[in-house]
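Using the working numbering, you'd call the opening residue of the sequence shown number -12 and step up by one each time.
Idealized CB from N, CA, C, for every residue including glycine.
Since we're looking at a predicted model, the values are computed, not measured.
Step one of this worksheet: look at the structure below.
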Amino acid sequence: MPRNKKSANDTPAVTRLCFTQRVRLFFYIICIKTISTKDMKEMDPRFEIRESPGMGWGLFAREPIKQGGFIVEYTGTKIPAKVADESDSRYLFEIDEKWTIDGETQENQGRWVNHACVPNVEALGEGDRIMFYALRDIFPGEEITIDYGEEYFDEFIKPHGCKCGAEKHLK
Ligand SMILES: [Zn+2]
């Protein structure tokens, strides 16, 4: 084998590291862009989507919101409860015992709202629509949260441990 021919093992460590970083950064940028172009365009300017520690993405207030103030509508496809029972979607929101909204669409800003055991927002049914309203005054920078309910909590949150930071988890 000619002595001047390089194999992959001869690649300097610095070059390899640089390549890895570039790839990671690239994915990071794509990840941010997916959210900013598709979701931020139609975004209510009072809110922003950003990372919530331990919870993935979350919806955060950019402006003060008074108690009782409208937050967002949970939009999606209205499906019969029987279809919802068979669905794998993690974004099902029950309207009543007959109907459910599948909110697994990019347009649904309500899907960014994370669970908290002591939430600052409540979901109210208005006909076949689901609206979120502030339970108390909300300050800029605060994350918007609702209580997902016992069923969802027991199935999806409890097994991993709830990270909402409520006092009851600290005991
Ligand atoms: Zn919790």
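For a test of the three-state rule: what should DSSP assign to residue i, helix, strand or coil?
i: Glu113; result: strand
i: Arg98; result: helix
i: Arg85; result: One point to set straight first is that residue 85 is Lys, not Arg, in the sequence displayed. Three-state result, Lys85: coil.
i: Pro51; result: coil
i: Ile125; result: strand
i: Glu73; result: helix
i: Pro146; result: helix
i: Glu29; result: coil
i: Glu35; result: strand
i: Thr21; result: At Thr21, the pLDDT of 45 sits below 50, so the modelled position is not reliable and the matter cannot be decided from this model.
i: Glu91; result: coil
Tell me where the beta strand (DSSP E) around residue i begins and ends.
i: Val105; result: It is not in any beta strand (DSSP E) - Val105 carries neither H nor E in the DSSP assignment.
Taking 8 Å as the cut-off, is the C-beta of residue i nearer than that to any heavy atom in ligand 1?
i: Ile133; result: no
i: Gly152; result: yes
i: Lys223; result: Given a span of -12 to 158 for the chain in the structure shown, any question on residue 223 remains unanswerable.
i: Ala121; result: no
i: Ala71; result: no
i: His102; result: yes
Could you please give me the residues that DSSP links to residue i through a beta bridge?
i: Met118; result: Glu60 and Leu111
i: Gly43; result: Ser39
i: Glu130; result: Phe47
i: Phe80; result: Ile88
Between which two residues does the alpha helix (DSSP H) containing residue i stretch?
i: Glu154; result: Glu154 to Leu157
Since I believe residue j is in contact with residue i (beta carbons under 8 Å), could you give me their beta-carbon distance rounded to a whole number of angstroms?
i: Glu73; j: Gly97; result: The Cβ separation is near 22 Å, so there is no contact.
i: Pro106; j: Ile144; result: The Cβ separation is near 13 Å, so there is no contact.
i: Phe57; j: Tyr120; result: 6 Å
i: Pro32; j: Ile125; result: Going by Cβ atoms, the distance from Pro32 to Ile125 rounds to 15 Å, so no, they are not a contact pair.
i: Gly128; j: Phe34; result: With 8 Å as the limit, Gly128 and Phe34 do not qualify as a contact, their Cβ atoms being about 11 Å apart.
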